[in-house]
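Scroll down for the structure; my scribbles are underneath it.
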Amino acid sequence: EAQVTQNPRYLITVTGKKLTVTCSQNMNHEYMSWYRQDPGLGLRQIYYSMNVEVTDKGDVPEGYKVSRKEKRNFPLILESPSPNQTSLYFCASSSWGTATYEQYFGPGTRLTVT
Amino acid sequence: TQLLEQSPQFLSIQEGENLTVYCNSSSVFSSLQWYRQEPGEGPVLLVTVVTGGEVKKLKRLTFQFGDARKDSSLHITAAQPGDTGLYLCAASSNTGKLIFGQGTTLQVKP
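Quick note, the sequences are listed as chains A and B, same order. Just so you know, we're using this note's numbering here: the first sequence kicks off at 1 and counts up by one. Just so you know, we're using this note's numbering here: the second sequence kicks off at 115 and counts up by one.
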């Protein structure tokens, strides 16, 4: 089954404790992206990657890091989480050859930083 | 900064009514997508429009891309409770960066 998986689905942590949210896709997609979703603000893009070893900032990259060492994986790293990073996070992937970037989303990770 | 403005933000209607959701921008986009999201799940793609003036139909849903490729609309005919959810428009440039509208929360009451 074609899918995007994220782990963990729920995470409660404390300020400053480094964490990683994993994302994996099995569709051989070149394009992968991370979003955060907050009430009233919709989905905002954090980082995206057009291919292995190629990453670019989205609209809200501050406080986040990503890496793309393999095509299927695109982890999101919070080196020193803060309460304003409490949010619902989605990973997505797309085949960018069509240039429309139709996104396949993962199930989401709800992060709470206290 | 490119922005996508969706309206209305909230819509509560009775089953059988028609509705239209709008997605507007001052920027020109190469394509525009509509997604639907249910609580606890990720958004799911409904349609992509690419050509200015394009109209696409998906059962009772009709999607239109503006002639200038700056705006789009989603029209639902005879809404049903199963249409309840968050509707999001999204646009991409050819750089790969995507932006989303704030979303329209639709509630259809039986």
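Even glycine gets a Cβ: it sits at the ideal position worked out from N, Cα and C.
Quick one: residues in its chain with C-beta nearer than 6 Å to the C-beta of residue i, no 5 flanking neighbours on either side, listed in chain order?
i	result
B/Thr134	Ser187, His189
A/Ile77	Thr20, Lys65
B/Gln216	Gln120
B/Val169	Gln178
B/Arg150	Val158, Leu160, Gly199, Tyr201
A/Ser94	His29, Tyr31, Tyr101, Glu102, Gln103
B/Gln221	Ser126, Thr198
So that I know if they touch, is there some Cβ in chain A lying closer than 8 Å to that of residue i?
i	result
B/Pro153	no
B/Gln194	no
B/Gly199	no
B/Leu117	no
What does residue i touch in chain A if you count any residue whose Cβ is under 9 Å from its own?
i	result
B/Gln221	By Cβ distance, chain A contributes nothing, its closest Cβ being about 16 Å from B/Gln221, past 9 Å.
B/Ile127	Going along chain A, no residue has its Cβ under 9 Å from B/Ile127, so there is no contact; the nearest lies around 21 Å.
Would residue i count as contacting chain B if we go by Cβ distances under 8 Å?
i	result
A/Gly106	yes
A/Gln103	yes
A/Gly58	yes
A/Met27	no
Please compile the residues from chain B whose C-beta is within a distance smaller than 7 Å of the C-beta of residue i.
i	result
A/Gly16	Residues of chain B passing the Cβ test: none, with the nearest at roughly 29 Å.
Using a cut-off of 8 Å between C-beta atoms, extract the partners of residue i located in chain B.
i	result
A/Phe90	Gly156, Pro157
A/Thr100	Ser144, Ser145, Gln147, Thr162, Val164, Ser206
Quick one: residues in its chain with C-beta nearer than 7 Å to the C-beta of residue i, no 5 flanking neighbours on either side, listed in chain order?
i	result
B/Arg174	Ile190, Thr191, Ala192
In its own chain, which residues sit with a C-beta less than 8 Å from the C-beta of residue i, not counting the 5 before and 5 after it?
i	result
A/Pro75	Thr20, Val21, Thr22, Cys23, Val66, Ser67
A/Glu70	Val52
Name, please, each residue of chain A whose Cβ falls closer than 8 Å to the Cβ of residue i.
i	result
B/Phe124	By Cβ distance, chain A contributes nothing, its closest Cβ being about 11 Å from B/Phe124, past 8 Å.
B/Leu202	Gly42, Leu43
Margin query: Against chain B, which members of the region 32-48 of chain A pass a CB distance test of less than 9 Å?
Written below: Ser33, Tyr35, Gln37, Gly40, Leu41, Gly42, Leu43, Arg44, Gln45, Tyr48
Note to self: At a CB distance below 8 Å, what residues from the region 162-190 of chain B approach chain A? Give them in sequence order.
What the structure shows: Thr162, Val164
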